[in-house]
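Peer 1:
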Ligand code: FE
Ligand code: MN
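Numbering (the working numbering), first residue to last: 1052 to 1520.
#1: When burial is assigned at 16 or more other CB atoms within 10 Å of the CB, is residue 1040 buried or exposed?
#2: I want to check one thing, is the minimum distance from the CB of residue 1363 to the heavy atoms of the ligand FE below 6 Å?
#3: Is it right to say residue 1108 is buried, meaning 16 or more other beta carbons lie within 10 angstroms of its own, or is it exposed?
#4: Could you check whether the Cβ of residue 1523 sits closer than 6 Å to any heavy atom belonging to the ligand FE?
#5: When we look at the beta-carbon of residue 1242 and count the other beta-carbons within 10 Å, is it buried (16 or more) or exposed?
#6: Between the Cα of residue 1147 and the Cα atoms of 1126, 1135, 1112, which residue gives the shortest distance?
#7: Name, in chain order, the residues that DSSP records as bridge partners for residue 1259.
#8: Name the two residues that bound the continuous alpha helix (DSSP H) containing residue 1440.
#9: In the structure shown, what three-state DSSP assignment does residue 1416 receive?
#10: For residue 1517, tell me which candidate among 1438, 1255, 1319 has the shortest Cα-Cα distance.
#11: Under a Cβ-count criterion, where at least 16 other Cβ atoms within 10 Å of its own Cβ denotes burial, should residue 1120 be classed as buried or exposed?
#12: Spell out the partners DSSP gives residue 1110 in its beta bridges.
#13: Quick one, are the C-beta atoms of residue 1305 and residue 1336 less than 7 Å apart?
#14: Return the bridge partner residues of residue 1160 from the DSSP annotation.
#15: Closer than 6 Å: is that where the CB of residue 1198 sits relative to any heavy atom of the ligand MN?
#16: Quick one: using the 10 Å Cβ neighbour count with 16 as the cut-off for buried, is residue 1457 buried or exposed?
#17: So for residue 1186, helix, strand or coil by DSSP?
#18: Apply the 10 Å Cβ neighbour rule to residue 1452 and answer buried if 16 or more other Cβ atoms are within range, or exposed otherwise.
#19: I think residue 1238 touches residue 1195, with their Cβ atoms under 8 Å apart; what is that distance to the nearest whole Å?
#20: Going by the DSSP bridge assignment, what does residue 1208 pair with across the sheet?
#21: Ends of the beta strand (DSSP E) at residue 1385?
#22: If you follow the alpha helix (DSSP H) that residue 1458 is in, where does it begin and where does it stop?
#23: Just verifying my parser: in three-state terms, what is the DSSP assignment at residue 1477?
#24: Within the same chain, show all residues whose beta-carbon is closer than 6 Å to that of residue 1514, passing over the 5 residues directly before and after it, in chain order.
#25: When DSSP labels each residue in this structure, what does residue 1515 get in the three-state scheme?
#26: Determine the DSSP secondary structure at residue 1122, reduced to helix, strand or coil.
#27: Answer with buried or exposed for residue 1091, where buried requires no fewer than 16 other C-beta atoms within 10 angstroms of its C-beta.
#28: Going straight from the alpha carbon of residue 1205 to that of residue 1212, what length do you get?
#29: If you draw a straight line from the C-alpha of residue 1373 to the C-alpha of residue 1480, how long is it?
#30: CB of residue 1241 to nearest heavy atom of the ligand FE: below 6 Å?
#31: In angstroms with no decimal places, state the Cα-to-Cα distance between residue 1323 and residue 1276.
#32: For the ligand FE, any of its heavy atoms closer than 6 Å to the Cβ of residue 1390?
#33: Can you have a look at residue 1136 and say buried or exposed, based on whether 16 or more other CB atoms are within 10 angstroms of its CB?
#34: Could you pull the start and end residues of the beta strand (DSSP E) that residue 1352 belongs to?
#35: Three-state secondary structure (DSSP) at residue 1092?
#36: Does the contact criterion of 3 or more C-beta pairs under 8 Å hold for the stretch 1425 to 1435 versus the stretch 1372 to 1387?
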C-alpha cells in the first residue's frame, strides 16, 4: 500500500541520514585522532626544548614509627649506644622535610635506601603515608631499599626498659608498598633484584640500583652490611642503557652503597664489593654520575682522582656523590637540577628546615625551635666523649684533654657535613688541634688526619655535564 510505501521511504531516509551521520562521525573521529597525533607531535617538538627540572636526593632516613617507642629507658639506651642518628626526633625531621617539599616543589625526590631504622613494618607503613602526601602535592618519589630495610632481624619496638622483637617486611612486600614510589612506574625492572629504571623527567632516566644483600639476614640474625651489583644486574644495566640511548636520554645511577671510597680509613662494607667491575660497567655505558649514601657522611669523589698520581688520567671521570644521612646532623639532603638542553647537573647540600616547620606548627619544644643548635650539640657531644675517653691515661693534662676533645668534636661536626678539609683551616689553628699532632697511635689521631686532608672535588657543591647519548 501507499501508506506502507511512505513508511518505507521514511525508513530509508532515516537509514540514509543515519549512515550520513555515522559517516560524519567517523570522519570527525578521524580528524580528531589526526588532531591528537598532531598535538602529540607538537608535544614531542616542545619536548626537544624542555625546561630544567629540580629534584632532591635524601638517603638514610632511618625513619622509625613514633608508635614503636615510649621515650623510655630502653629507647634512650638504644639511641645513645647508636651511631648518632637523631631517632627521638626522626618523625618531626621527616615532617619538616615533607613541608619543605610542599613549599619548594621539586619535580621529584630520590630516597636512596635505609629509609627505615631497621626495616620495621610499621615504620614502612608510616613512611608510605608521608610519601603519599608528597606525591599528592605534585612531587614524584623514587625509592630503593638499603641494607636495613628488608628481612631485618633487628626490627624492634621499645617499651619501658625492654626491647620487643617485631615484624619486618620482605622484598615482595617492599615492591607492593612502594609501588607508587617507583616500582609501578618502572620502564624496566631487574629480575633478580629490586633495581628498576624510570624516566624521571624529559631526557632523564634514573637507574635505581638495588645493591643490598638481604636474602640471608634471617639466617645470620643481623642485616648484612656490605653490598654489590650482581653480574645479572650489570647485564640488565646494559639493556637499560641501550633503551635510554635510543631516546637520547641522560642517565643518573642511584645506589645505596658507594661506588668509590669516601674515606682513606679502610673500613669494609661501605664501598660496593665489586666496585671496580661496576665502575667498568658505568664507564663503558657512559654513566658518569652515581648518587649513594650508606656511609652517613657527606663526600663527593671522582674517578680517576687527580691527586692520585698512579691513576690513569686518560679515563673519563665518573663521580660518586655520597649524601650524608638524613637522620644524622646536619640533617641535610642534596638539592639538584638537570637541564635537558645542556645536560648540566647541579648538586648542592641543603638543610631540612626543622625550625621553620616547628614555628609554623606552633611547636614549643626548644629542641625543635632551635633545632640546628640542638642537633649539632647532640652530635658534637658524642664525638667529644669518644675523643676524651680515648685520651684516658695519656700524658696530657686535664685542660689539654678537654681542648683536644673540643677540637675533635668541632672537626667531626664539619666532617659529616662535608665541610672539613680545606674549609676547616680555622679549626686547625686551635691549640686543641695542634696537641693532636703529638699523638701518633690510635684511631682518633688517624681519623683527625683523614678529616683535615685537602681533597677535590668539593663535598657540598658540584656541577657536571651528563654523558651525551
Ligand atoms: Fe644507613
Ligand atoms: Mn646502609
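Even glycine gets a Cβ: it sits at the ideal position worked out from N, Cα and C.
Peer 2: In short, the structure shows the following:
#1: Beyond the ends of the chain as shown, which are 1052 and 1520, falls residue 1040; an answer cannot be given.
#2: no
#3: buried
#4: Nothing in the structure corresponds to residue 1523, since the chain is present only between 1052 and 1520.
#5: exposed
#6: 1112
#7: 1247, 1305
#8: 1422 to 1441
#9: coil
#10: 1255
#11: buried
#12: 1376
#13: no
#14: 1107, 1192
#15: yes
#16: buried
#17: helix
#18: buried
#19: That pair is no contact at about 15 Å.
#20: 1215
#21: 1383 to 1390
#22: 1449 to 1468
#23: helix
#24: 1397
#25: strand
#26: coil
#27: Below a pLDDT of 50, predicted positions are generally treated as unreliable, and residue 1091, at 42, falls in that range; the measurement from the model is reported next regardless. So residue 1091 counts as exposed.
#28: 17 Å
#29: 28 Å
#30: no
#31: 10 Å
#32: no
#33: buried
#34: 1350 to 1354
#35: Residue placement at residue 1092 is flagged as unreliable, the pLDDT there being 41, under the threshold of 50; the coordinate-derived value follows with that caveat. Helix at residue 1092.
#36: yes
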